[in-house]
Amino acid sequence: MNSATIKHVASRAFSLREGESGYGVFWPLLGLALLAFLPFSGLNIFWQTQLVLMIVYGLVVSGVNLTFGFAGELALGQVAIFAVTAYLSAYLMTHVVDDVIVALLAAIVASLIIGLFTGLPGLRIGGWALAMTSFFLVILIPDVVQMIPNITGGAQGFDAIPLPEIFGVQLSVAAMSTTAVVVFALWYLCFRNFVLSRHGRALKTLRQSPHLTASLGISVLRLKLLAYVAGAIPAGLAGVLFAATEGYIGPTTFSFTLVIGMIAGSIIGGNDSIYGAAVGGALLEYINYKSAAFSQYSLLVYGVILVLGGILTAHGLAGIARGFIARGVKWWPASKKSAVASTVTGDDATTTVTPQSASVKSNVTAKDIDVAIKLAMGDDVSNVPRPEHVLLVDEVVKEFGGVRALRGVSVAAKSGEITAIIGPNGSGKTTLLNVIAGVYKPEGGTVRLDGETLRLGRSHRVARVGVARTFQTPIIPNGMLAWEVVAVGRYQSEYVSIGQTVIRSPRFRRIRRDDRRLAVELLTNLGLGDYAYSPADAMPLPHRRLLEVARAIIRRPSVALFDEPAAGLDEGDLVTLVQVLRALASAGVAVILVEHNFGLVVEIADVIHVLNLGDVITSGPPAQIQNDPVVASIYLGNEPATTATAP
Amino acid sequence: MTTLWSGLSLGAVYALVALGYNVVFISSGIFNFAQASLLTLGTFFAYLGVVTLHLNPVLTILMATAGCLIVGLIEERVAIRPLSGKLSRAELVTTVGFAALIEGTIALIWGTVPLQVPFFGSTTVLTIFGGRIIPDSLVLIIFVIVLALALHVWYKYSLSGLASIAVAEDRVAAQLRGINVGRRSIVAFAMGGAIAGLAGILVAPQTYAISNLGDAIGLTAFIAFALGGTGSLLGATIGGLAVGIIEQEVARYVGSLYTNSILYVILLFILLVMPNGLFGRSTVRAI
Amino acid sequence: MSDQPILQLQNVSAGYGDVLAIREITLDVHAGSVVGIFGRNGAGKSTTMLAIAGVIPCRSGSIIFDGDDISKMSAHQRVGRGIGCVMEGRRIFRQRTVEENLLLGTISQKLRRSQRHTLIDQAYERFAILKEKRKEAAGRLSGGQQQMLAIAQALMSEPKLLLFDEPSAGLSPAIVGDVLSIIDRLKADGLSIVLVEQLIDRALPHVDTFSLIDDGRIVYRGSPSDSESIRVARNVYLARASTTDDTPPATA
Chain A
1 MNSATIKHVA
11 SRAFSLREGE
21 SGYGVFWPLL
31 GLALLAFLPF
41 SGLNIFWQTQ
51 LVLMIVYGLV
61 VSGVNLTFGF
71 AGELALGQVA
81 IFAVTAYLSA
91 YLMTHVVDDV
101 IVALLAAIVA
111 SLIIGLFTGL
121 PGLRIGGWAL
131 AMTSFFLVIL
141 IPDVVQMIPN
151 ITGGAQGFDA
161 IPLPEIFGVQ
171 LSVAAMSTTA
181 VVVFALWYLC
191 FRNFVLSRHG
201 RALKTLRQSP
211 HLTASLGISV
221 LRLKLLAYVA
231 GAIPAGLAGV
241 LFAATEGYIG
251 PTTFSFTLVI
261 GMIAGSIIGG
271 NDSIYGAAVG
281 GALLEYINYK
291 SAAFSQYSLL
301 VYGVILVLGG
311 ILTAHGLAGI
321 ARGFIARGVK
331 WWPASKKSAV
341 ASTVTGDDAT
351 TTVTPQSASV
361 KSNVTAKDID
371 VAIKLAMGDD
381 VSNVPRPEHV
391 LLVDEVVKEF
401 GGVRALRGVS
411 VAAKSGEITA
421 IIGPNGSGKT
431 TLLNVIAGVY
441 KPEGGTVRLD
451 GETLRLGRSH
461 RVARVGVART
471 FQTPIIPNGM
481 LAWEVVAVGR
491 YQSEYVSIGQ
501 TVIRSPRFRR
511 IRRDDRRLAV
521 ELLTNLGLGD
531 YAYSPADAMP
541 LPHRRLLEVA
551 RAIIRRPSVA
561 LFDEPAAGLD
571 EGDLVTLVQV
581 LRALASAGVA
591 VILVEHNFGL
601 VVEIADVIHV
611 LNLGDVITSG
621 PPAQIQNDPV
631 VASIYLGNEP
641 ATTATAP
Chain B
1001 MTTLWSGLSL
1011 GAVYALVALG
1021 YNVVFISSGI
1031 FNFAQASLLT
1041 LGTFFAYLGV
1051 VTLHLNPVLT
1061 ILMATAGCLI
1071 VGLIEERVAI
1081 RPLSGKLSRA
1091 ELVTTVGFAA
1101 LIEGTIALIW
1111 GTVPLQVPFF
1121 GSTTVLTIFG
1131 GRIIPDSLVL
1141 IIFVIVLALA
1151 LHVWYKYSLS
1161 GLASIAVAED
1171 RVAAQLRGIN
1181 VGRRSIVAFA
1191 MGGAIAGLAG
1201 ILVAPQTYAI
1211 SNLGDAIGLT
1221 AFIAFALGGT
1231 GSLLGATIGG
1241 LAVGIIEQEV
1251 ARYVGSLYTN
1261 SILYVILLFI
1271 LLVMPNGLFG
1281 RSTVRAI
Chain C
2001 MSDQPILQLQ
2011 NVSAGYGDVL
2021 AIREITLDVH
2031 AGSVVGIFGR
2041 NGAGKSTTML
2051 AIAGVIPCRS
2061 GSIIFDGDDI
2071 SKMSAHQRVG
2081 RGIGCVMEGR
2091 RIFRQRTVEE
2101 NLLLGTISQK
2111 LRRSQRHTLI
2121 DQAYERFAIL
2131 KEKRKEAAGR
2141 LSGGQQQMLA
2151 IAQALMSEPK
2161 LLLFDEPSAG
2171 LSPAIVGDVL
2181 SIIDRLKADG
2191 LSIVLVEQLI
2201 DRALPHVDTF
2211 SLIDDGRIVY
2221 RGSPSDSESI
2231 RVARNVYLAR
2241 ASTTDDTPPA
2251 TA
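Keeping their order, the protein sequence lines are chains A, B and C. Our numbering applies: residue 1 is where the first sequence begins, and numbers increase by one. Our numbering applies: residue 1001 is where the second sequence begins, and numbers increase by one. Our numbering applies: residue 2001 is where the third sequence begins, and numbers increase by one.
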């Protein structure tokens, strides 16, 4: 370790600005350390207990943040898990062993199990039906409690829960508060490390579009489950702290009002903010405390928060508040590409670096792009023979409600070639693309890549086998920088486990470096270097298209499907697109293009397949297609026989 | 048989809320979580009319219907329209928030102690088909069935109703035919409120006026909604009555502690195995 | 008075999200005429139609209909003003009966029940097949019958201007012929029509003038009588350089 590294690590750790690795860890930990000593510095018992309660709610809210804020699923089983672990630890501490560490460990195990059990069916349902089912769990709590009154104390509640010991040493109320702070600090570290990583990016991608996520090879169900189970853990920890501190728990503690309060706390704190949970939790407890005399008020306050918050979130305004806050904390000047990550991750568009060039075309040549793509695809620039890929679509039939969109379509695409699929409206070309991408399962026929039949209907499996795709309208997640959007392409192929992510293992660090390096490199070589650290969703359309392409390239696909990539691009952007497509083909990818733009297709395609009303009418090279009277008749509407061909 | 009657009268309440869910859902594609809270409000209006102001039943019904209708309109204006079609998750949050607002306001004005509301008609227990039932419950059951039929007729035979269904089927096509889609949504919320208010005087004697009545009823009514199939009025009615009967039978033979758990299992089963419910059509899919 | 166009698009740009699908479109439709908008798919024809109908807003420019600026009006208001629309893919209400579909078409007018049914009877006279199938679910009709229903439904609002969005899409050539004949009859009845169509060769004989859209802009205006028009159009469609010599087809 030389001094430069130490300085670098130190400056990152001490940084106040949120960067790719988040706010430096130092200041928050310092704050938490101070908080840990607070109970011993003269705080009276009432406030010591309040502190624990704020932490308890903060933990539960951070669980909601993970599922709702990050993954976008309103699954609210956290209160149920909170209740279960509260009762579990009450029982353990009273009847088995009065040790807080044992209780915490038991709570984690219980949360994981319950999380899995309630998550698996629930997440298959999705949407608001899922929310309703998870609300229902709260109603079940009093019932279940009264079913086993011997264990739970029934309707009267579980009384006289002792303050726990730790390794045999009895904890006082003050020490219990400190323990709560320590538990929160440990959770905060894990949560932060989990969210500020490629997993957090994958979750944001999921929130934006499950389709996109699947097309990157990521199993949507598995990711949702991950977020849900991860969100169960803090709720479980909260249950232990709650039972130990309050000394009493009863079925009425875990009410519907609490669930609503949790959602409110999550919204207030900022759904996908790391610190928001703490803020939200503190506020929840404050509202509780203030409205102890007037408990009706808390519902009203929650109601207002939910209505306003829901409206603001729908319009994407929730991030604006955070933008204002972030701008106020601009203390650490740094250049945009230095190792001290400087730009704000999130919605603060005002710190966007303004690029020197307004469009991509002035920066790079075709040769640059060619080299860039070959590099990204893992080749050296010499002409080493690379594997040949062949995609065979064989007699695919696809019906939608009795209407045959594809009537037995067969096409082929090879490495090194650009294959175009064209046809008038209703010809089925987009359906065909979606079948190949695995989104639709056909009623008949197969698609084979290098001899292996693809499992159509499960797009993440098809994506994993080496098929990449872009979308008609680029799908770019909110709240991510351009390079991060591209790097998500590597999430599945270079997978890092949660454990390694949380402890920041050497493998994690290495892959994190590679993620950034490869993404920034690729973007720079494609001429988007100036945007690499800018919020991706604020980029103009041509750049977002290129971003999608970069995201596909970084996956090193065998087959790349492009869904109308030319739409909305002007002359200059089209030039870049052409260069990119050609480079991809020469790098060994089988490029398949569905396009309206006849001029583009004629210019770059090696083979054109013409579809009409679900059938392939003809195939061939551009010159042949352009002069084919049958093709002309499809587009123009005249009968082929009446068209005089050029003499 | 008595259990069956009590199941039907409980189910009638669920059916009421499920009908309310459907009315709003059909015309706007939105699931209104606050529907049950509107019903709660209806019961409090009934209390206000019958107990506090000593109004005759007709006036009470009018007041309750008007009051809940207005609150329904407020909900549309405040919690739905600002969303203008973005992000479907947000609707759940805002309708839950509005439900909390209604419940909080009720608790503020009337407190949280259950309030008794006497039925305006006779209270002598009747014996029908060998089972005992009070007149209030009987009237409620009949009311719900009549309401379902009336709604069915309205949707099928009135131009307004037809337009609402058309909007559910294809919003853009409806606009291009000159249907004011925004107004359909407003009408739907007003209707949801009116249904809640209208029924208040019948439901209140059975459930008492309790501020958090909506929480549990809303969730169980959701089961009825899902069971009956989203978008189906007939389904909502049958679903509601069925759920009520199941609940009372389970309570009688297994124990009232187990009703919610069994209902939960049924809910999961419906959502996982037959998401369109009994009568729903996949074009009006909720999920 | 009849020289004032019934519909004017002035420098209209519109799109979806931040993709501008049409740019600076200027177009006039004179009362009682049939104006064609031709182009390949993806060129912007449907976007133009949706902008006129009010389904998508104009980013810039304005639309004047019958002397009023309707640029800010919502779609259902424009229907009330007299713009009718036959959408691509025959977007009728498939689960409603034929009669219900027609009834819904009358909703923009304040009429008594009996008046509405008079209009419906008129539709039955015009399109006998619809009377036969009046109680059937619209989704059960054949493609061509659905197209008739869509047209009849649009006529229920007694429009002054009718927009046709690719009436040929997904229909067999014979039925396309039927639809085009109906357009001729409607013109004879005094309706103004905008015909958006991809199959230029089929549609050309039925229009008075046309504009060619490529890549979101109008690249050419012409009329059927002008043989140069069709040659230019074919080249634009097939992305050929205009020096390619190509004799126009004999009109079908």
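Heads up, the beta-carbon is just placed ideally off N, CA and C, and yes, glycines get one too.
Proximal residues to residue i (C-beta, below 6 Å), its chain only, five neighbours per side dropped
{"i": "A358 (chain A)", "result": "Its pLDDT being 37, under 50, A358 (chain A) is placed unreliably in this model, and the value from its coordinates should be taken loosely. Closer than 6 Å at the Cβ level, and outside the excluded window around A358 (chain A), lies no residue."}
{"i": "R124 (chain A)", "result": "none"}
{"i": "V1203 (chain B)", "result": "V1013 and T1043"}
{"i": "A412 (chain A)", "result": "L392"}
Residue range of the unbroken alpha helix (DSSP H) whose run includes residue i
{"i": "T2026 (chain C)", "result": "It is not in any alpha helix (DSSP H) - T2026 (chain C) instead sits in the beta strand (DSSP E) that spans V2019 to V2029."}
{"i": "S2211 (chain C)", "result": "Careful: S2211 (chain C) lies outside any alpha helix (DSSP H), inside the beta strand (DSSP E) at T2209 to D2214."}
{"i": "E521 (chain A)", "result": "P506 to N525"}
{"i": "L2180 (chain C)", "result": "P2173 to A2188"}
{"i": "D615 (chain A)", "result": "No alpha helix (DSSP H) holds D615 (chain A); the beta strand (DSSP E) holding it covers D615 to G620."}
{"i": "D563 (chain A)", "result": "D563 (chain A) -> not in any alpha helix (DSSP H); beta strand (DSSP E) instead, spanning V559 to D563."}
Reference residue i, options the options, closest by Cα
{"i": "T391 (chain A)", "options": "A:E417, A:E399, A:A405 and A:V397", "result": "The question names Thr, but residue 391 (chain A) in the sequence shown is Leu. Comparing Cα-Cα distances from L391 (chain A) to each of A:E417, A:E399, A:A405 and A:V397, the minimum goes to A:E417."}
{"i": "K224 (chain A)", "options": "A:V96, A:G126, A:I101 and A:E285", "result": "A:G126"}
{"i": "P2288 (chain C)", "options": "C:M2148, C:G2105 and C:P2159", "result": "Because chain C in this structure spans residues 2001 to 2252, residue 2288 (chain C) falls outside the shown range and cannot be described."}
{"i": "H199 (chain A)", "options": "A:V25, A:V502 and A:R458", "result": "A:V502"}
{"i": "G438 (chain A)", "options": "A:L216, A:P164 and A:I55", "result": "A:L216"}
{"i": "L581 (chain A)", "options": "A:G568, A:I608 and A:L546", "result": "A:L546"}
Residue i - containing beta strand (DSSP E), residue span
{"i": "L1149 (chain B)", "result": "Not the beta strand (DSSP E): L1149 (chain B) falls in the alpha helix (DSSP H), residues P1135 to Y1157."}
{"i": "H95 (chain A)", "result": "Neither: H95 (chain A) is in no beta strand (DSSP E) and is coded neither H nor E."}
{"i": "L2163 (chain C)", "result": "L2161 to D2165"}
{"i": "K374 (chain A)", "result": "From DSSP, K374 (chain A) is part of no beta strand (DSSP E) but of the alpha helix (DSSP H) over A366 to A376."}
{"i": "N612 (chain A)", "result": "V607 to N612"}
{"i": "K398 (chain A)", "result": "V390 to F400"}
{"i": "V591 (chain A)", "result": "A590 to V594"}
Beta-carbon proximity list for residue i, same chain, < 8 Å, skipping 5 on both sides
{"i": "A71 (chain A)", "result": "L203, L206, R207, L223, K224, A227 and Y228"}
{"i": "G1121 (chain B)", "result": "P1135, D1136 and V1139"}
Own chain partners of residue i with C-beta closer than 7 Å, once the 5 adjacent residues on each side are dropped
{"i": "T67 (chain A)", "result": "E73, A75, A227, Y228 and G231"}
{"i": "N91 (chain A)", "result": "For the record, residue 91 (chain A) in the displayed sequence is Tyr; it is not Asn. Around Y91 (chain A): I151."}
{"i": "L1272 (chain B)", "result": "none"}
{"i": "V353 (chain A)", "result": "Annotation note: pLDDT 35 at V353 (chain A) (below 50); position unreliable, no value reported."}
{"i": "L258 (chain A)", "result": "V79"}
{"i": "G1007 (chain B)", "result": "G1244, I1245, E1247, Q1248 and E1249"}
Are at least three pairs of beta-carbons, each pair with one atom in the region 471-479 of chain A and one in the region 528-546 of chain A, less than 8 Å apart? As far as the Cβ criterion goes, the region 471-479 of chain A touches the region 528-546 of chain A, which means the pair count is three or higher.
Any 3 or more C-beta pairs closer than 8 Å across the region 444-456 of chain A and the region 616-627 of chain A: With fewer than three CB-CB distances shorter than 8 Å, the region 444-456 of chain A does not count as touching the region 616-627 of chain A.
Residues within the region 2139-2164 of chain C neighbouring chain A, beta-carbon criterion of under 7 Å: Within the region 2139-2164 of chain C, no residue has a Cβ lying closer than 7 Å to any Cβ of chain A.
With three or more beta-carbon pairs closer than 8 Å as the criterion, would you say the region 2184-2203 of chain C touches the region 2110-2125 of chain C? No, they do not touch.
Give the residues from the region 128-153 of chain A that approach chain B closer than 8 Å (Cβ to any Cβ), ordered along the chain. Listed by position along the chain: W128, A129, A131, M132, T133, F135, F136, L137, I139, L140, D143, V144, Q146 and M147.
Counting only Cβ-Cβ distances shorter than 7 Å, please list the residues of the region 1144-1169 of chain B near chain C, keeping chain order. Residues L1159, L1162, A1163, A1166 and E1169.
To be precise: take each residue of the region 1069-1096 of chain B, compare its Cβ to all Cβ atoms of chain A, and keep it if any distance is under 7 Å. Which residues remain? Hits within the stretch, in order: V1078, A1079, P1082, L1083, K1086, L1087, R1089, A1090, L1092, V1093, T1094 and V1096.
Does the structure place the region 1245-1252 of chain B close enough to the region 1005-1012 of chain B that three or more beta carbon pairs sit under 8 Å? Yes, the region 1005-1012 of chain B touches the region 1245-1252 of chain B.
Touch test, the region 243-256 of chain A against the region 508-527 of chain A, Cβ-Cβ under 8 Å, three pairs minimum: By the Cβ test, the region 243-256 of chain A is not in contact with the region 508-527 of chain A, since fewer than three Cβ pairs between them sit closer than 8 Å.
Scan the region 1116-1144 of chain B for residues whose Cβ lies nearer than 8 Å to a Cβ of chain A and list them as they occur along the chain. Listed by position, the residues of the region 1116-1144 of chain B near chain A (Cβ gap below 8 Å) amount to none.
For the region 2089-2110 of chain C, which residues have a beta carbon sitting closer than 9 Å to at least one beta carbon of chain B? Listed in sequence order: R2091, I2092, F2093, R2094, Q2095, R2096, E2100, N2101, L2103, L2104, G2105, T2106, I2107, S2108 and Q2109.
Counting beta carbon pairs with one atom in the region 1092-1100 of chain B and one in the region 1029-1036 of chain B, are three or more of them shorter than 8 Å? Enough Cβ pairs lie closer than 8 Å, so yes.
Contact between the region 1053-1069 of chain B and the region 1123-1135 of chain B (3+ Cβ pairs under 8 Å): The region 1053-1069 of chain B makes no contact with the region 1123-1135 of chain B; the number of CB pairs closer than 8 Å stays below 3.
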